[in-house]
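Chains C and Y are the protein sequences, given in the same order. Using the numbering used here, you'd call the opening residue of the first sequence number 65 and step up by one each time. Using the numbering used here, you'd call the opening residue of the second sequence number 65 and step up by one each time. We put the CB at the ideal spot given by N, CA and C, even for glycine.
Protein chains: 2
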Amino acid sequence: MKKYKRNQRVGALMKIFTERPNHVFSYNYFSELFNAAKSTISEDIVIVRELVSDLGFGRIETIAGAAGGVIYIPSLSEQDTAGLLSELCLAFSNPNRIIPGGYIYMTDIFNSPYYSSNIAKIIASKYSSKEIDYVVTVETKGIPVALMTARELDVPLAVIRRNSKVTEGSTLSINYVSGSTRKIESMTLSRRAVKEGSKVLVVDDFMKGGGTAKGMIDLMAEFNAEVVGVSVVISTAEHKDKLVKDYNTLLVLEGVDEIEKAIKIRPYDQENTDI
Amino acid sequence: MKKYKRNQRVGALMKIFTERPNHVFSYNYFSELFNAAKSTISEDIVIVRELVSDLGFGRIETIAGAAGGVIYIPSLSEQDTAGLLSELCLAFSNPNRIIPGGYIYMTDIFNSPYYSSNIAKIIASKYSSKEIDYVVTVETKGIPVALMTARELDVPLAVIRRNSKVTEGSTLSINYVSGSTRKIESMTLSRRAVKEGSKVLVVDDFMKGGGTAKGMIDLMAEFNAEVVGVSVVISTAEHKDKLVKDYNTLLVLEGVDEIEKAIKIRPYDQENTDI
Chain C
65 MKKYKRNQRV GALMKIFTER PNHVFSYNYF SELFNAAKST ISEDIVIVRE
115 LVSDLGFGRI ETIAGAAGGV IYIPSLSEQD TAGLLSELCL AFSNPNRIIP
165 GGYIYMTDIF NSPYYSSNIA KIIASKYSSK EIDYVVTVET KGIPVALMTA
215 RELDVPLAVI RRNSKVTEGS TLSINYVSGS TRKIESMTLS RRAVKEGSKV
265 LVVDDFMKGG GTAKGMIDLM AEFNAEVVGV SVVISTAEHK DKLVKDYNTL
315 LVLEGVDEIE KAIKIRPYDQ ENTDI
Chain Y
65 MKKYKRNQRV GALMKIFTER PNHVFSYNYF SELFNAAKST ISEDIVIVRE
115 LVSDLGFGRI ETIAGAAGGV IYIPSLSEQD TAGLLSELCL AFSNPNRIIP
165 GGYIYMTDIF NSPYYSSNIA KIIASKYSSK EIDYVVTVET KGIPVALMTA
215 RELDVPLAVI RRNSKVTEGS TLSINYVSGS TRKIESMTLS RRAVKEGSKV
265 LVVDDFMKGG GTAKGMIDLM AEFNAEVVGV SVVISTAEHK DKLVKDYNTL
315 LVLEGVDEIE KAIKIRPYDQ ENTDI
């Protein structure tokens, strides 16, 4: 069986931790993977812990006990977060995105692996101290950001459907009222998707009236699941009285001027909570 | 400005390459990031290239010229691929997944960041020699695998919708016939989602009759896009004469026995192309 040198093991550990943040890896796992003694792995981890901390990537923690092991908890500096948010504002505010009717074409950004994973890093970093069992979203545009957030948090994703499908098995459904259009819509989720008593983080791309988010919260109540947070990428300044009060947003869409061809969007300022 | 030591830069490079495989990073980018001379970065890259190669993670390539830089091209060994495929077969064949009517609940696996990113690694490794501009899928269940594949290939994802949405701008739509149920369905994609003349990889979760895949190929023809591959996670042994002939599948579903509570699923054997 192949033996590895220390710098090789350290390089491999950096890759493995990066690929699965917030996952507890046992010392046995690394010991078998590298064909090395646990004491050797412990020394490697000390080096990686220092590296990760010096580089500002977050922290490596050791968890004692039978279910113990090593976990990489990423963090984003305020400076990095601000940089990503400005980059997103720049991307979303391109006037070519304006669609007749004052809508904005955003799908390419939400579907981009690059943007969705960066958005997910910001969202996940807000909840790193909370215990979360699932990320929950509703089809379709929010799925990439929600999946990447679930990846950051190392938890499963549950996707609520607009209609019941035979491949979902038995489902729970609710009707809800759209916050902006006042139309009655329905959403449905497989009973297998979320275990009773779970803690969930609700993630979506866009919030206008808040009806969809409220629908998701109501549906989670049917699963006896506790919603520990609601996080959206963009919320509108319009419809200030949203149906959901307690939520996080990364950006605030202030308005679209079809005549002047201008989109006004800015990072949400936590100091000045006026949306 | 902070200066980093060699082992710190090597660790950071491992993380950066892992987070964005198949992306060309310029030497300037690393030079500014680490506040180090390009000659220093070149030496770092030599070390990382050796590490990546020794560990069997793939290869690091240097691209000359104005648009040049450094790129990490991951690879999966046959052994790793076989291991991941057995793990997937085991997950999919759990008899608790059987739904009345002979269907299988698979959504949790497709929505899992862990499984979808491993599936994506296998799919992407099959196309690493091809030039691909977009990954294309159709909502909803295939989105996570398609997104993770797009992430591996560092290209955008385009998601075909079942219905036209106002936030998609002008769209192209087609009708198609489901290969298994013979029902007429429609699919629609924003004209902004795929540029004319692009090369696309079609990715989906499941293929039965092949009608949906054929629909996606037909829709891509409307965009004057070239389909360089069709890749599904599971195809059925039933409906042997699929509407699409040229496709890759990771697994073959041989059948579901509701009485015996058994799901027969196996890796697709490229030596024995009989599905």
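message = Could you give the first and the last residue of the continuous beta strand (DSSP E) run that contains PHE270 (chain Y)?
response = In the DSSP annotation of this structure, the continuous segment of the beta strand (DSSP E) that includes PHE270 (chain Y) starts and ends at 263-271.
request  = Flag this pair as touching only if the segment 212-225 of chain C and the segment 248-258 of chain Y have three or more C-beta atom pairs under 8 Å; answer yes or no.
outcome  = Verdict: no, contact absent.
request  = Give a yes or no on whether 8 Å exceeds the smallest Cβ distance from PHE121 (chain C) to chain Y.
outcome  = Under the Cβ criterion of 8 Å, PHE121 (chain C) is counted among the residues facing chain Y.
ask   = Just curious, the alpha helix (DSSP H) that LEU152 (chain Y) is in, first and last residue?
value = DSSP places LEU152 (chain Y) inside the alpha helix (DSSP H), whose first and last residues are 142-156.
ask   = Is the Cβ of ARG256 (chain C) closer than 8 Å to any Cβ of chain Y?
value = Yes, ARG256 (chain C) counts as interfacial toward chain Y.
ask   = Is VAL264 (chain Y) close to chain C, meaning its C-beta is less than 8 Å from at least one C-beta of that chain?
value = Answer no: the Cβ-Cβ gap between VAL264 (chain Y) and chain C never drops below 8 Å.
query = Can you tell me whether DSSP reads LEU307 (chain C) as helix, strand or coil?
reply = Under the three-state reduction of DSSP, LEU307 (chain C) is assigned to coil, being neither helix nor strand.
query = Rounded to the nearest angstrom, how far is the Cβ of LEU315 (chain C) from that of GLY243 (chain C), given a contact under 8 Å?
reply = That belief does not hold up - the Cβ atoms of LEU315 (chain C) and GLY243 (chain C) are roughly 18 Å apart, past 8 Å.
MET170 (chain C) versus C:TYR93, C:VAL199 and C:SER157, residue with shortest Cα-Cα distance = Cα-wise, what sits closest to MET170 (chain C) is C:SER157.
query = The beta strand (DSSP E) spanning ILE124 (chain C) covers which residue range?
reply = 122-127 is the span of the beta strand (DSSP E), which, as asked, contains ILE124 (chain C).
query = Hey, PHE174 (chain C) and ASP269 (chain C): beta-carbon distance below 8 Å or not?
reply = Taking 8 Å as the Cβ cut-off, PHE174 (chain C) and ASP269 (chain C) qualify as a contacting pair.
query = Hey, GLU322 (chain C) and ILE168 (chain C): beta-carbon distance below 8 Å or not?
reply = In this structure, GLU322 (chain C) keeps its C-beta atom at 8 Å or more from the C-beta atom of ILE168 (chain C).
query = Does SER176 (chain Y) come within less than 8 Å of chain C when only Cβ atoms are used?
reply = Yes, contact with chain C.
query = For the beta strand (DSSP E) that contains ASN312 (chain Y), what are its first and last residues?
reply = Looking at the DSSP string, the run of the beta strand (DSSP E) that includes ASN312 (chain Y) is 312-321.
Rounded separation between GLY275 (chain C) and PHE81 (chain C) - CA only = Distance between the alpha carbons of GLY275 (chain C) and PHE81 (chain C): 38 Å.
Same chain, Cβ closer than 7 Å to LYS325 (chain C), neighbours up to 5 away in sequence not counted = Scanning its chain for C-beta atoms nearer than 7 Å, with the 5 sequence neighbours on each side dropped, one finds around LYS325 (chain C) the residues PRO159 and ILE162, in chain order.
query = Cβ of TYR169 (chain Y) less than 8 Å from any chain C Cβ?
reply = Yes, its Cβ sits closer than 8 Å to a Cβ of chain C.
request  = Give the interface partners of ASP305 (chain C) over in chain Y, defined as CB-CB distance under 8 Å, in chain order.
outcome  = Ordered by position in chain Y, no residue passes the 8 Å Cβ test against ASP305 (chain C), which lies about 23 Å from the chain.
Closer than 8 Å at the beta carbon, the chain Y residues around GLN72 (chain C) = Within chain Y, the residues near GLN72 (chain C) are LEU115, ASP118 and LEU119.
query = Which class does LYS194 (chain C) belong to by DSSP, given the choice of helix, strand or coil?
reply = Three-state DSSP puts LYS194 (chain C) in coil, outside helix and strand.
message = At the level of alpha carbons, what is the spacing between ILE124 (chain C) and SER117 (chain C)?
response = Straight-line Cα distance between these residues: approximately 8 Å.
request  = Rank C:ILE281, C:ILE238, C:LEU148 and C:VAL199 by C-alpha distance to the C-alpha of SER228 (chain C) and give the top, closest one.
outcome  = Out of C:ILE281, C:ILE238, C:LEU148 and C:VAL199, C:ILE238 has the C-alpha closest to the C-alpha of SER228 (chain C).
query = Do ILE127 (chain C) and HIS87 (chain C) come within 8 Å of each other at the CB atom, strictly closer than that value?
reply = No. Outside cutoff.
key: Continuous beta strand (DSSP E) stretch holding LYS328 (chain C): start and end   = It spans 326-331 - the beta strand (DSSP E) in which LYS328 (chain C) sits, taken as one unbroken run.
ask   = Just by C-beta distance, which residues in the segment 201-214 of chain C are closer than 7 Å to chain Y?
value = From the segment 201-214 of chain C, only GLU203, THR204, ILE207, PRO208, LEU211 and ALA214 have a Cβ closer than 7 Å to chain Y.
ask   = Using the beta-carbon count (16 or more within 10 Å), is VAL185 (chain C) buried or exposed?
value = A quick correction: the sequence has Lys, not Val, at residue 185 (chain C). Only buried fits LYS185 (chain C), as 16 or more other CB atoms lie within 10 angstroms of its CB.
Local conformation of ASN239 (chain Y) per DSSP, three classes = ASN239 (chain Y) falls in the strand class under three-state DSSP.
query = Applying a beta-carbon distance threshold of less than 9 Å, which residues of chain Y neighbour ILE163 (chain C)?
reply = The contacting residues are VAL230, THR231, GLU232, GLY233 and SER234.
ask   = Would GLY75 (chain C) pass as a contact of LEU97 (chain Y) if the rule is Cβ separation under 8 Å?
value = In this structure, GLY75 (chain C) keeps its C-beta atom at 8 Å or more from the C-beta atom of LEU97 (chain Y).
query = How far does the alpha helix (DSSP H) with TYR91 (chain C) in it reach, from first residue to last?
reply = For TYR91 (chain C), the enclosing alpha helix (DSSP H) stretches over residues 91-98.
ask   = Is there a Cβ from chain C that is less than 8 Å from the Cβ of PRO331 (chain Y)?
value = Output row for PRO331 (chain Y): interface = no.
task = Could you tell me whether any Cβ in chain Y is nearer than 8 Å to the Cβ of VAL297 (chain C)?
result = No, because no Cβ of chain Y sits closer than 8 Å to the Cβ of VAL297 (chain C).
key: Identity of the residue in C:ALA222, C:TYR91 and C:ASP144 nearest ASP197 (chain C) by Cα   = The option with the nearest alpha carbon to ASP197 (chain C) is C:ALA222.
query = Going by the beta-carbon positions, is the gap between GLU203 (chain C) and THR204 (chain Y) smaller than 8 Å?
reply = Yes. Within cutoff.
task = Give the C-beta separation of GLU232 (chain Y) and ARG225 (chain Y) to the nearest angstrom, bearing in mind that I take them to be a contact with Cβ-Cβ under 8 Å.
result = That pair is a contact at about 7 Å.
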